[in-house]
Amino acid sequence: MNDTTLILSFHPDLGRSHANRAMLDAVKDLEGVCIVDLYGLYPTDEVNIAAEVQRLLSAKRLVLQFPVQWYSTPALLKAWQDSVLTQMYYIAYEVQGRKLEGLPIMVAATAGNTPQAYGETGVNLFPLEQLLQPLRATANRCHWAWCDPFLVYQANKLPSSELDVVAAEYRARIKQFQLKA
Numbered sequence: 001m002n003d004t005t006l007i008l009s010f011h012p013d014l015g016r017s018h019a020n021r022a023m024l025d026a027v028k029d030l031e032g033v034c035i036v037d038l039y040g041l042y043p044t045d046e047v048n049i050a051a052e053v054q055r056l057l058s059a060k061r062l063v064l065q066f067p068v069q070w071y072s073t074p075a076l077l078k079a080w081q082d083s084v085l086t087q088m089y090y091i092a093y094e095v096q097g098r099k100l101e102g103l104p105i106m107v108a109a110t111a112g113n114t115p116q117a118y119g120e121t122g123v124n125l126f127p128l129e130q131l132l133q134p135l136r137a138t139a140n141r142c143h144w145a146w147c148d149p150f151l152v153y154q155a156n157k158l159p160s161s162e163l164d165v166v167a168a169e170y171r172a173r174i175k176q177f178q179l180k181a
């Protein structure tokens, strides 16, 4: 394993994104960061399992970055999990999955609503962190080291000045993630 921080971007339309694109732009020049636009690679949702397994095996850290859609991940992230993680953890655990034990993982998720909308009294009923629990369970099952997520609210409504702040915070968080893991 080298010193790569692998950021897998699962935005269905990264070209029209505001926050996700700004976040990726903020970290693209960091040493050791490798950004992969999965929707750009797999527009038909057909994942190249062998290539993705190799990509994961070459990473020292993993970031899954995506917009929250209907209380979940985008469809391609689920398809990626179903194909790649099934291969690594159910079909070839000894030669693939086992090699990633302890892999630090962080989720970077953007949401369109306010923080107040995510909670018992909000329209979305659950805190955003709670909606990410299936990913945390997956990390646990894979024996990966879960790190606190980076969350952005009102991602599609932020003015450019606030987007700049979010991007700078994300850059700092990725640098911190690289140092800790």
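Counting from 1, one number per residue, gives the positions in the sequence shown under the UniProt record's numbering.
For glycine and all other residues, C-beta sits at the position ideal for the given N, C-alpha and C.
Spatially closest choice to residue i from the options, by CA coordinates
| i | options | result |
| --- | --- | --- |
| L135 | V53, L14, Q154 and T73 | T73 |
| residue 193 | N113, I49 and L85 | The structure shown has nothing for residue 193, since the chain only spans 1 to 181. |
| R16 | N156, S160 and S161 | N156 |
| P149 | E169, G122 and L158 | E169 |
| D45 | D25, H18, D82 and Q54 | D82 |
Own chain partners of residue i with C-beta closer than 7 Å, once the 5 adjacent residues on each side are dropped
| i | result |
| --- | --- |
| L38 | L8, S9, F10, L76 and W80 |
| N20 | S9, H11, L14, Q65, P67 and T110 |
| Y42 | L76 |
Buried versus exposed call for residue i [16 or more other C-beta atoms within 10 Å across all chains shown]
| i | result |
| --- | --- |
| I105 | buried |
| I174 | buried |
| M1 | The pLDDT assigned to M1 is 49, lower than 50, so where the model puts this residue is not dependable; a value taken from the coordinates is nonetheless given after this. M1 should be labelled exposed. |
| V33 | buried |
| L163 | buried |
| L179 | exposed |
| V165 | exposed |
| A50 | exposed |
| S160 | exposed |
Whether residue i touches residue j by CB criterion (9 Å)
| i | j | result |
| --- | --- | --- |
| E120 | L151 | no |
| Q65 | V95 | no |
| R171 | V47 | no |
| L100 | C147 | no |
| S58 | T4 | yes |
| M88 | G97 | yes |
| M23 | A167 | yes |
Residues near residue i by beta carbon distance below 6 Å, same chain, minus five either side
| i | result |
| --- | --- |
| Y118 | N124, P127 and L128 |
| L131 | Y71 |
| V36 | L8 |
| K78 | none |
| Y153 | A111, T114 and P115 |
| E52 | V84 |
Contacting residues, own chain, Cβ-Cβ under 8 Å from residue i (five flanking each side not counted)
| i | result |
| --- | --- |
| Y93 | none |
| F177 | T5, R61, V63, P104, M106 and C147 |
| L30 | T5, R171, I174, K175 and Q178 |
Complete alpha helix (DSSP H) runs within the segment 4-45 (minimum length 4 residues, chain order)
Segments of the alpha helix (DSSP H) lying fully in the segment 4-45: 19-27 and 38-41.
Which complete alpha helix (DSSP H) runs does the segment 65-129 hold, if anything under 4 residues is left out?
Every alpha helix (DSSP H) stretch that sits fully inside the segment 65-129 and reaches 4 residues is listed by chain position as 75-80.
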